[in-house]
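Residue numbering for the sequence shown follows my numbering, starting at 116 and increasing by one per position. Some notes on the structure that comes next.
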Amino acid sequence: MFGKYKPEHYLLNDKEPMAMGPLDVQTYLFEHKFQQANAMRNAKKVISEVSKEFEKMTGRKYSFFEEYKMDDAEFVVVCMNSTAGTTKFVVDSLREKGVKAGLLKIRMFRPFPTEEIAKALERAKAIAILDKADSVNGAGGALYTDVTSAMFANNVNVKAVNYVYGIGGRDTTSYDIEGVYNDLMEIEKLGKVENPYRYFGLRREN
Numbered sequence: 116m117f118g119k120y121k122p123e124h125y126l127l128n129d130k131e132p133m134a135m136g137p138l139d140v141q142t143y144l145f146e147h148k149f150q151q152a153n154a155m156r157n158a159k160k161v162i163s164e165v166s167k168e169f170e171k172m173t174g175r176k177y178s179f180f181e182e183y184k185m186d187d188a189e190f191v192v193v194c195m196n197s198t199a200g201t202t203k204f205v206v207d208s209l210r211e212k213g214v215k216a217g218l219l220k221i222r223m224f225r226p227f228p229t230e231e232i233a234k235a236l237e238r239a240k241a242i243a244i245l246d247k248a249d250s251v252n253g254a255g256g257a258l259y260t261d262v263t264s265a266m267f268a269n270n271v272n273v274k275a276v277n278y279v280y281g282i283g284g285r286d287t288t289s290y291d292i293e294g295v296y297n298d299l300m301e302i303e304k305l306g307k308v309e310n311p312y313r314y315f316g317l318r319r320e321n
């Protein structure tokens, strides 16, 4: 650090009382919330335009999500962040065994690309959505509820199951992910999802 930090305005300055944080009154709060929602919908277009400019500048393409071996995928894992690397390894291994496994790695979570995700998943036979946090609602994690809502709103009917995992930094292995794909194949075989809310990597009492 160089020098002493001397902010021009700060909250604890008793010579300059101020209020910090957003304030909206009831008279216009509803309308402003509506404007925020529209701004989020418009953000998807802006993000797409910026991504195209970035691709021209760098040669690197970043879309709303990454599709890995999704062209003919029947069993798909939807996840975010570093778990995708482990999942790619498992997808490659299963492909060598003749299993049509695929991966959808979400890059943009807010706003949520509902139409695009529904279209990407419409040809699958069974999908697993992985959440590294539980919503404590008894009805799956946030990514699961968003993905299934996107499919429902766009008339995509694919059997889906949720897995909560990795909480507290618990390791996620290729064996865990392979188990998820095995479950998906069993779901397709049975023709139904008996329990959509699942966990892996969780210690349980015998």
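Just so you know, even glycine gets a beta-carbon here, dropped at the ideal spot from N, CA and C. Nothing here was measured: the structure is a model prediction, and the numbers come from that model.
Contact set for residue i: own chain, Cβ-Cβ below 8 Å, skip 5 residues either direction
| i | result |
| --- | --- |
| L126 | M133 and M135 |
| D249 | G256, V279 and I282 |
| M300 | F190, V214 and A241 |
| D139 | H147 |
| E231 | F179 and F180 |
| M155 | R225 and P226 |
Contact test: residue i Cβ vs the ligand MG heavy atom, cutoff 8 Å
| i | result |
| --- | --- |
| A268 | In the structure shown, the ligand MG is absent, as is every other ligand, since no ligand is present at all. |
Cutoff 6 Å; reference residue i; Cβ partners in own chain excluding five residues on either side
| i | result |
| --- | --- |
| E293 | V205 |
| G118 | none |
| T263 | A275 |
Chain-order list of residues whose beta-carbon lies under 7 Å from that of residue i (same chain, five-residue window excluded)
| i | result |
| --- | --- |
| N277 | I244, D246, G255, G256, Y259, P311, Y312 and R313 |
| T287 | T198, T201, Y280, G281 and G316 |
Limits of the beta strand (DSSP E) - the one that residue i falls within
| i | result |
| --- | --- |
| I244 | A241 to D246 |
| A216 | A216 to I221 |
| M155 | Looking at the DSSP string, M155 is not in any beta strand (DSSP E); the run it does join, the alpha helix (DSSP H), is Q141 to T173. |
Residues that DSSP places opposite residue i in a beta bridge
| i | result |
| --- | --- |
| Y278 | L245 and R313 |
| V191 | G217 and I242 |
| Y177 | Answer is none; Y177 lacks a bridge partner. |
| Y183 | L218 |
Whole-angstrom C-beta distance between residue j and residue i, which should lie under 8 Å
| i | j | result |
| --- | --- | --- |
| L236 | V192 | Between V192 and L236 the Cβ distance is about 11 Å, and since that is not below 8 Å, they are no contact. |
| A239 | A158 | Actually they are not in contact, since the Cβ atoms of A239 and A158 sit about 27 Å apart, beyond 8 Å. |
| F227 | A265 | 7 Å |
Residue i: first and last residue of the uninterrupted alpha helix (DSSP H) it sits in
| i | result |
| --- | --- |
| Y290 | S289 to L305 |
**Message:** Could you check whether the segment 175–182 touches the segment 212–226, counting it as contact only if at least three pairs of C-beta atoms, one from each stretch, sit closer than 8 Å?
**Reply:** yes
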